[in-house]
Amino acid sequence: MAKRRRTAQAEDEPQMDMSSMIDVSFLLLIYFLVTSTLDPKEADLGFTLPTSQSNSAVEVELDQNIIEVNDEGHIVMNEETLDTDTDSRKLPMLEAKLREIVSAANTVGQDPLVIISANDTAKGQRFVDVLNTLALKGIEITNVTLTGFTDDE
1 MAKRRRTAQA EDEPQMDMSS MIDVSFLLLI YFLVTSTLDP KEADLGFTLP
51 TSQSNSAVEV ELDQNIIEVN DEGHIVMNEE TLDTDTDSRK LPMLEAKLRE
101 IVSAANTVGQ DPLVIISAND TAKGQRFVDV LNTLALKGIE ITNVTLTGFT
151 DDE
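Residue numbering for the sequence shown follows our numbering, starting at 1 and increasing by one per position.
Structure follows, in structure tokens:
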């Protein structure tokens with residue numbers, strides 16, 4: 001008797017073609033790379049943070065300049081409103097003032113002191129824009145003190 005061999009018929013399982021999904025993924029990646037904007041390099045500045053132990057007033061010196069970022073995002077320097085356009089990342093009026101201060105400080109032979117006071121409800125990017133302006137070439141003010149922040153403990 002002839003034995004009959006059982007041949008297992010391979011069942012075709014449904015498969016998903018992944019090539020079109022990979023194409024779409026790469027197109028999305030390229031789209032987001034092309035349409036995104038690159039932020040300017042954030043500069044490193046040396047500055048002192050207020051400590052919880054030193055609640056005393058900051059000593060007043062002749063060459064100190066107070067830059068405030070108010071709750072609306074306006075830049076105020078020594079009680080003079082400078083830059084009010086909150087959509088702009090550049091602060092041309094503050095930059096011009098800082099260049100004058102650096103020039104005056106260089107003629108006297110002193111380092112200018114800048115105190116930055118930011119309102120807690122102001123946008124953080126506006127504060128970073130002020131720090132970037134302090135680090136611009138030709139200004140490069142590194143003697144910075146930060147005040148006006150509340151402790152959330």
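For each residue, glycine too, the CB sits at the ideal point set by N, CA and C.
No experiment lies behind these values; they were computed from the predicted model shown.
Where do the N-terminal and C-terminal ends of the beta strand (DSSP E) with residue i fall, by residue?
| i | result |
| --- | --- |
| Ser36 | Unbroken run through Ser36: none, as it is neither H nor E. |
| Asn157 | Residue 157 is absent from the model: the chain starts at 1 and stops at 153. |
| Leu146 | 144–147 |
Taking its Cβ as the centre, do 16 or more other Cβ atoms sit within 10 Å of residue i, making it buried, or is it exposed?
| i | result |
| --- | --- |
| Arg126 | buried |
| Glu68 | buried |
| Ile141 | buried |
| Asp17 | exposed |
| Asp23 | exposed |
| Glu61 | At Glu61 the pLDDT is 44, less than 50, meaning the model places this residue with poor confidence; the figure from the coordinates comes in the next sentence. By the neighbour-count rule (16 or more Cβ atoms within 10 Å), Glu61 is not buried but exposed. |
| Met21 | exposed |
| Ile30 | exposed |
What residue range does the alpha helix (DSSP H) around residue i cover?
| i | result |
| --- | --- |
| Gln125 | 124–134 |
Please state if the CB of residue j and the CB of residue i are separated by a distance shorter than 7 angstroms.
| i | j | result |
| --- | --- | --- |
| Asn143 | Leu94 | no |
| Thr81 | Gly73 | no |
| Asn65 | Ile101 | yes |
| Leu146 | Leu49 | yes |
| Thr121 | Asp83 | no |
Please work out which residues of its chain come closer than 8 angstroms, Cβ to Cβ, to residue i, disregarding the five sequence neighbours upstream and downstream, and give them in chain order.
| i | result |
| --- | --- |
| Arg99 | Gly138, Ile139 |
| Asp12 | none |
Once you ignore the five residues that flank residue i on each side, which residues in its own chain have a CB closer than 6 angstroms to its CB?
| i | result |
| --- | --- |
| Thr186 | Nothing in the structure corresponds to residue 186, since the chain is present only between 1 and 153. |
Exercise for the section: Pick out the complete alpha helix (DSSP H) segments inside the segment 72–131, 4 residues or longer, and give them in chain order. Expected result: 92–108
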